[in-house]
Ligand code: NAP
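In this note's numbering, the protein residues as written are 571 to 841.
The structure is reproduced here in structure tokens:
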């Protein structure tokens with residue numbers, strides 16, 4: 571077992587990649603604090619983890635709320651008395667209806683004429699609230715949780731932090747400038763903190779997945795998914811299990827010489 575007797579806190583673990591990472595870590599002997607914004611999804615994953623025989627506890631909170639995050643870490647320590655691994659995974663990716671339609675029209679035009687003169691009209695029409703909420707969940711949330719975790723990990727002289735970036739941080743994704751900016755910020759944050767705390771025995775790395783088939787892609791049409799698969803050298807979208815395997819590698823001693831790195835399970839979509 572690669573994570574025997576370790577304790578992890580995983581944000582956004584009520585769905586998709588976070589849930590799969592929680593199940594993967596639990597199979598390797600890890601106890602899991604399960605964060606999600608919706609208590610019912612956190613509870614459901616805790617039940618799944620306990621059914622596997624793992625120790626697990628629900629830690630519902632909005633990671634964009636620094637006070638709530640502070641309280642969540644206090645509850646985590648009350649429940650587990652330890653924290654070895656933090657996975658900053660919680661996230662959203664919301665495309666407005668008009669952006670989705672414009673993006674579809676752009677793709678259709680490219681398919682039929684080989685070029686497009688359209689714009690997705692995402693940045694020009696984006697409201698402040700949309701922009702701020704995306705950055706708050708991804709970037710503020712990653713900062714708030716990391717800040718709390720470091721207080722515990724520095725005291726222990728050991729720790730492992732994994733931040734969820736995205737292909738969007740490497741290439742930018744059309745139609746989601748907010749998401750692309752947040753994910754690029756997470757990568758910069760990862761490298762800065764990695765340099766800051768490696769001397770205290772804490773490794774910080776990031777994962778930048780390509781397109782993975784999870785509920786996050788609910789707004790992505792079948793046509794877009796086909797286009798993405800066609801552009802991906804591997805010819806398909808990724809699975810949550812493939813990202814969870816990357817997280818397990820980074821969380822375990824197998825990656826003992828990896829510091830401030832961005833691993834990219836993306837089927838070759840970006841090399
Ligand atoms: P998902 O299935 O939607 O899971 C994300 C989870 O985070 C959901 O349960 C969501 O709750 C929760 N969440 C949202 N806002 C939160 C908040 N403020 N506080 C706590 N939890 C919150 O999506 P996923 O695909 O697993 O995505 C997980 C991470 O991977 C995200 O950071 C995403 O950007 C990243 N990622 C995904 C892909 C992909 O293709 N799927 C690719 C690259 C990177 P709600 O359902 O209520 O919103």
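No residue lacks a Cβ here, since even glycine has one placed at the ideal position from N, Cα and C.
This structure is a prediction, so every number in the text was calculated from the model and none was measured.
- A direct Cα-to-Cα measurement between residue 774 and residue 794 gives close to 33 Å.
- For residue 627, the enclosing beta strand (DSSP E) begins and ends at 626 to 628.
- Per DSSP, residue 755 is one residue of the alpha helix (DSSP H) stretching across 747 to 767.
- In the structure shown, the three-state DSSP call for residue 733 is strand.
- Taking 8 Å as the cut-off, the Cβ atoms of residue 747 and residue 817 do not count as close.
- In the structure shown, residue 793 adopts helical secondary structure according to DSSP, grouped into three states.
- In the three-state scheme derived from DSSP, where H, G and I count as helix and E and B as strand, residue 634 is classed as coil.
- Take residue 806, set aside five residues on each side of it, and the residues of its chain with a beta-carbon closer than 8 Å to its own are 799, 837, in chain order.
- If you compare the alpha carbons of 574, 573, 597, 578 with that of residue 811, the shortest gap goes to 597.
- With contacts defined as CB atoms closer than 8 Å, residue 830 and residue 760 qualify as a contacting pair.
- Here the distance from the Cβ of residue 646 to the nearest heavy atom of the ligand NAP is not below 7 Å.
- DSSP places residue 577 in the uninterrupted beta strand (DSSP E) bounded by 577 to 580.
- Your pair residue 603 and residue 635 does not check out as a contact, with CB atoms roughly 17 Å apart and the cut at 8 Å.
- Straight across, the Cα-Cα distance linking residue 756 with residue 708 is about 8 Å.
- DSSP places residue 605 in the coil class of the three-state scheme, outside both helix and strand.
- Per the coordinates, the alpha-carbon of residue 725 lies some 29 Å from the alpha-carbon of residue 620.
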